[in-house]
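When we follow this note's numbering, the leftmost residue of the sequence shown carries the number 5, and every step to the right adds one.
Glycine residues also receive a C-beta, built at the ideal position from the N, C-alpha and C atoms.
Have a look at the structure below, then the notes.
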Amino acid sequence: MKNNVSNKNSKKNSEKNSEKNSEKNSNEISNIKNIDSKLAKQLQRLNIFNDNDLLLHLPNRYEDETIIYSIKQALQIDNSVSLNLTVLNNEQSSKYLLVNCKDDNGDFIQIRFMHFHPFWLKMLVANAKIRIFGKVKQGFNYAETIHPKFEILNSYNAAPKTTLTPIYPSTAGLSQYTLQNLISSLIFKIENGKNTAEFEYLYKDSLPEEILKKIHLPTFFRSIKFLHAPNKDCNKTALYKGDHPALMRIKFDEILAQQLSLRKAILNRKKKHSPSLKISFDNNSIVAKLLNNLPFELTKEQQKVAKEISNDLNKKFPMHRLLQGDVGSGKTIVAALAAAQCIQADFQVAIMAPTEVLAEQHVQKFSQWFADFGVEIAFLIGNQKSKEKKLFLQKIADGSAKIIIGTHALIQDSVNYHKLGLVIIDEQHRFGVAQRLNLQQKICQNDLVPHQLMMSATPIPRSLAMTLYADLNISTMNELPPGRTPIKTLLINNQRRHEIIQHIHKNILQKNQQVYWVCPLVEESEKLELQDAINTQKELQILLPDFNVELSHGKQKSAEKLAIMQRFIENQIQILVATTVIEVGVDVPNATVMVIEHAERFGLAQLHQLRGRVGRGKQASECILIFYPPLSELAKKRLQTIYENNDGFFIAQQDLKLRGPGEFVGSKQSGVILLRYANLEEDFQLVEQAQEVATMLLDETKYPEQIADFHIQRWLGDKINFAEN
Ligand code: ADP
Ligand code: MG
Numbered sequence: 005m006k007n008n009v010s011n012k013n014s015k016k017n018s019e020k021n022s023e024k025n026s027e028k029n030s031n032e033i034s035n036i037k038n039i040d041s042k043l044a045k046q047l048q049r050l051n052i053f054n055d056n057d058l059l060l061h062l063p064n065r066y067e068d069e070t071i072i073y074s075i076k077q078a079l080q081i082d083n084s085v086s087l088n089l090t091v092l093n094n095e096q097s098s099k100y101l102l103v104n105c106k107d108d109n110g111d112f113i114q115i116r117f118m119h120f121h122p123f124w125l126k127m128l129v130a131n132a133k134i135r136i137f138g139k140v141k142q143g144f145n146y147a148e149t150i151h152p153k154f155e156i157l158n159s160y161n162a163a164p165k166t167t168l169t170p171i172y173p174s175t176a177g178l179s180q181y182t183l184q185n186l187i188s189s190l191i192f193k194i195e196n197g198k199n200t201a202e203f204e205y206l207y208k209d210s211l212p213e214e215i216l217k218k219i220h221l222p223t224f225f226r227s228i229k230f231l232h233a234p235n236k237d238c239n240k241t242a243l244y245k246g247d248h249p250a251l252m253r254i255k256f257d258e259i260l261a262q263q264l265s266l267r268k269a270i271l272n273r274k275k276k277h278s279p280s281l282k283i284s285f286d287n288n289s290i291v292a293k294l295l296n297n298l299p300f301e302l303t304k305e306q307q308k309v310a311k312e313i314s315n316d317l318n319k320k321f322p323m324h325r326l327l328q329g330d331v332g333s334g335k336t337i338v339a340a341l342a343a344a345q346c347i348q349a350d351f352q353v354a355i356m357a358p359t360e361v362l363a364e365q366h367v368q369k370f371s372q373w374f375a376d377f378g379v380e381i382a383f384l385i386g387n388q389k390s391k392e393k394k395l396f397l398q399k400i401a402d403g404s405a406k407i408i409i410g411t412h413a414l415i416q417d418s419v420n421y422h423k424l425g426l427v428i429i430d431e432q433h434r435f436g437v438a439q440r441l442n443l444q445q446k447i448c449q450n451d452l453v454p455h456q457l458m459m460s461a462t463p464i465p466r467s468l469a470m471t472l473y474a475d476l477n478i479s480t481m482n483e484l485p486p487g488r489t490p491i492k493t494l495l496i497n498n499q500r501r502h503e504i505i506q507h508i509h510k511n512i513l514q515k516n517q518q519v520y521w522v523c524p525l526v527e528e529s530e531k532l533e534l535q536d537a538i539n540t541q542k543e544l545q546i547l548l549p550d551f552n553v554e555l556s557h558g559k560q561k562s563a564e565k566l567a568i569m570q571r572f573i574e575n576q577i578q579i580l581v582a583t584t585v586i587e588v589g590v591d592v593p594n595a596t597v598m599v600i601e602h603a604e605r606f607g608l609a610q611l612h613q614l615r616g617r618v619g620r621g622k623q624a625s626e627c628i629l630i631f632y633p634p635l636s637e638l639a640k641k642r643l644q645t646i647y648e649n650n651d652g653f654f655i656a657q658q659d660l661k662l663r664g665p666g667e668f669v670g671s672k673q674s675g676v677i678l679l680r681y682a683n684l685e686e687d688f689q690l691v692e693q694a695q696e697v698a699t700m701l702l703d704e705t706k707y708p709e710q711i712a713d714f715h716i717q718r719w720l721g722d723k724i725n726f727a728e729n
């Protein structure tokens with residue numbers, strides 16, 4: 005049964021081959037007769053690769069064509085409705101086709117088609133009986149409707165529909181009509197062939213009888229069939245609101261599949277082995293000395309999470325822990341302590357950062373912190389002198405480099421680790437799916453799997469943490485190091501730009517403090533984005549001739565970028581104009597002002613991250629958000645939220661609300677399984693129920709493994725790979 009689904013479910017392959025081999029793909033959508041390769045391609049764009057995908061392609065809304073209204077009634081309703089009409093005549097103008105009609109009461113209505121096929125002129129002739137579906141409005145002189153759906157009435161369609169019309173998510177060139185037909189004929193075939201090998205797996209409920217009783221929801225096929233064609237007498241309110249039992253069943257199934265696959269990933273991980281990095285923490289340990297050398301005391305929160313991590317490292321199965329703490333909460337030193345434990349146990353530690361600037365900064369910090377211990381650090385980035393790179397690769401391979409810091413260059417094939425005990429991923433949400441998968445493959449080559457510590461400043465709301473990240477242990481730091489003054493956020497219209505510059509001159513630069521000036525995101529064009537940054541740099545340099553204004557952007561060579569950052573750290577540069585390179589992690593305590601141009605174009609999490617670049621020293625800091633009106637409603641909400649709040653957790657929640665979970669930073673990119681129908685915030689009860697059921701299904705003494713596998717396969721197909729990593 006499982007094969008039956010998975011054979012056809014090779015999405016990855018079909019994506020790869022889609023250009024070359026569309027014939028092959030059309031076969032993968034089996035059982036759907038006469039499907040041509042053009043249609044197959046369109047379906048693929050909707051992520052439909054086989055019958056199972058097609059069946060689970062649910063409507064996102066319905067149209068109600070089950071009631072026929074008169075023109076008088078239709079005028080009272082602010083929605084599209086069905087009407088039976090008789091055509092009086094039609095008029096063709098250069099732009100429109102006008103069709104004049106009357107209903108059975110003799111009332112008049114004019115239909116206006118904005119574009120039309122020439123043969124409509126022959127169909128919509130005097131005395132033709134038609135049914136339209138559209139919104140009817142009172143025009144100047146008579147009722148009218150614009151571009152309704154229409155059909156010529158005949159003996160087959162004379163009676164009104166008995167089910168609601170499903171409207172599916174679609175793609176260019178693929179009509180609702182085609183989708184509706186494909187799906188309804190598939191359902192018909194499944195119902196008739198439910199006892200055949202071909203269709204049984206599509207019909208069968210994946211849940212055992214006992215569990216079905218427990219959750220009080222309809223069977224899978226009944227729910228699916230209903231949702232594709234709800235009967236006109238159903239509870240429409242519940243259906244539209246999203247809590248109809250059939251929909252609840254689908255959501256439940258989806259969440260359950262996710263829970264099951266995550267649980268399985270945990271079980272798999274526990275079966276693997278990791279080096280136990282048990283060390284003694286006496287005064288001679290590197291950890292103790294490192295702590296002693298620090299110019300500050302760890303906060304309570306830092307101590308707490310450092311302990312959680314250390315305990316994990318003692319264990320013989322891989323740690324998989326996410327350290328989340330607001331920007332500036334001091335995650336780096338916690339990572340360094342874990343690294344120290346790893347080194348003392350005589351294993352290597354790799355630290356991966358999303359940008360070269362950040363990786364370089366880690367090298368500096370770690371060099372400082374570990375200076376007394378004779379620990380060698382290797383540094384790997386994408387473009388690097390080949391001689392230097394070769395040397396580092398050598399030291400990584402022979403084990404003489406104990407700390408290895410870099411960007412995703414750390415996961416290239418040419419890197420051979422000698423004895424890797426711990427991998428630390430900073431700003432993990434910035435890494436894409438492919439990079440995360442590569443990392444897993446890279447580090448899981450041996451029998452011993454290294455421990456993993458991920459760090460993120462974008463806190464995950466509780467509901468997401470419990471579901472999407474169920475395979476992670478989470479450590480949270482809820483406190484900033486002492487002595488920080490809160491960051492003042494200002495929202496300023498670009499028209500007052502000169503005041504901003506004056507203020508910066510007098511209150512910041514003359515007091516020997518520094519400024520980040522972040523330039524707008526220009527989504528359409530990197531060129532424009534760069535131009536904006538260049539112009540800003542010029543403008544500021546002219547207006548502030550006594551200070552050094554320099555530019556850092558993504559197109560610069562690594563060495564140049566790093567050199568500029570170094571000069572900023574040394575206060576040789578007072579204003580650093582940047583595209584968003586500095587967005588993550590950079591730590592320059594003397595920089596006290598963050599100016600963000602076109603703040604309305606940035607996402608909430610991004611704004612919060614950027615703001616977190618300042619407020620790192622003892623001096624009061626400011627974040628100045630320059631906006632350019634007019635603002636969209638969404639932009640207004642974002643700016644208001646960031647203006648009123650400083651708490652990263654709250655902001656992350658708002659971000660989630662404004663964008664919806666699919667777009668939540670981190671979940672989209674990091675490869676966690678997305679939910680199509682369920683909403684973790686709204687369907688929290690289902691999550692709890694699914695967690696309970698997952699526990700039951702994975703109890704080997706009660707149910708065979710295949711039950712859970714079949715359920716996962718139906719809902720996640722080969723997406724399951726993500727969960728295992
Ligand atoms: P993030 O969590 O954003 O990565 P960092 O690790 O870069 O934060 O730390 C921010 C700043 O706070 C750094 O300058 C760091 O040295 C400092 N810091 C970290 N922990 C403490 C502490 N316990 N007391 C004082 N300063 C600290
Ligand atoms: Mg950091």
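Just to confirm before moving on: does the CB-CB distance between residue i and residue j stay below 8 angstroms?
{"i": "L59", "j": "L266", "result": "no"}
{"i": "R571", "j": "P593", "result": "no"}
{"i": "F256", "j": "A712", "result": "no"}
{"i": "L1", "j": "Q541", "result": "Any question about residue 1 goes unanswered here, given that the chain covers just 5 to 729."}
{"i": "D111", "j": "S74", "result": "yes"}
{"i": "A342", "j": "L457", "result": "yes"}
{"i": "N318", "j": "S280", "result": "yes"}
{"i": "N93", "j": "K139", "result": "no"}
{"i": "I283", "j": "A354", "result": "no"}
{"i": "I385", "j": "S371", "result": "no"}
{"i": "G616", "j": "A461", "result": "yes"}
{"i": "T480", "j": "G329", "result": "yes"}
{"i": "L512", "j": "T596", "result": "Rather than Leu, the amino acid found at residue 512 in this sequence is Ile. Cβ atoms of I512 and T596: closer than 8 angstroms."}
{"i": "E67", "j": "P164", "result": "no"}
{"i": "D430", "j": "M323", "result": "no"}
{"i": "V590", "j": "L362", "result": "yes"}
{"i": "G403", "j": "K423", "result": "yes"}
{"i": "L662", "j": "L720", "result": "no"}
Rounded to the nearest angstrom, how far is the Cβ of residue i from that of residue j, given a contact under 8 angstroms?
{"i": "Y520", "j": "V599", "result": "7 angstroms"}
{"i": "Y632", "j": "L62", "result": "The Cβ separation is near 40 angstroms, so there is no contact."}
{"i": "I2", "j": "I546", "result": "Since the first residue shown for the chain is 5 and the last is 729, residue 2 is missing from the structure and cannot be characterised."}
{"i": "F137", "j": "K126", "result": "Going by Cβ atoms, the distance from F137 to K126 rounds to 21 angstroms, so no, they are not a contact pair."}
Measuring only from the beta carbon, is residue i closer than 7 angstroms to any heavy atom that is part of the ligand ADP?
{"i": "E747", "result": "The first residue shown for the chain is 5 and the last is 729, placing residue 747 beyond what the model contains."}
{"i": "R680", "result": "no"}
{"i": "S371", "result": "no"}
{"i": "G403", "result": "no"}
{"i": "R325", "result": "no"}
{"i": "R620", "result": "yes"}
{"i": "G652", "result": "no"}
{"i": "N291", "result": "It should be noted that the sequence gives Val, not Asn, for residue 291. Result no, Cβ not under 7 angstroms from the ligand ADP."}
{"i": "A340", "result": "no"}
{"i": "A344", "result": "no"}
For the ligand MG, I want to know if residue i counts as a neighbour, meaning its beta carbon is within less than 7 angstroms of at least one of the ligand's heavy atoms.
{"i": "T336", "result": "yes"}
{"i": "D430", "result": "yes"}
If you reduce the DSSP assignment to three classes, tell me which class residue i lands in.
{"i": "A162", "result": "coil"}
{"i": "E483", "result": "coil"}
{"i": "M323", "result": "coil"}
{"i": "T303", "result": "coil"}
{"i": "F123", "result": "coil"}
{"i": "Y73", "result": "strand"}
{"i": "Q717", "result": "helix"}
{"i": "G334", "result": "coil"}
{"i": "L638", "result": "helix"}
{"i": "G652", "result": "helix"}
{"i": "Q432", "result": "helix"}
{"i": "T169", "result": "strand"}
Of all the alpha helix (DSSP H) runs that stay within the bounds of the stretch 231–269, which reach a length of 4 or more residues? Taking 4 residues as the shortest admissible run, the stretch 231–269 contains the following complete alpha helix (DSSP H) segments, listed from N- to C-terminal end: 240–245.
Tell me the start and end of each unbroken beta strand (DSSP E) in the stretch 334–397 that is at least 3 residues and wholly inside, in chain order. Listed in chain order, they are 352–356, 380–384.
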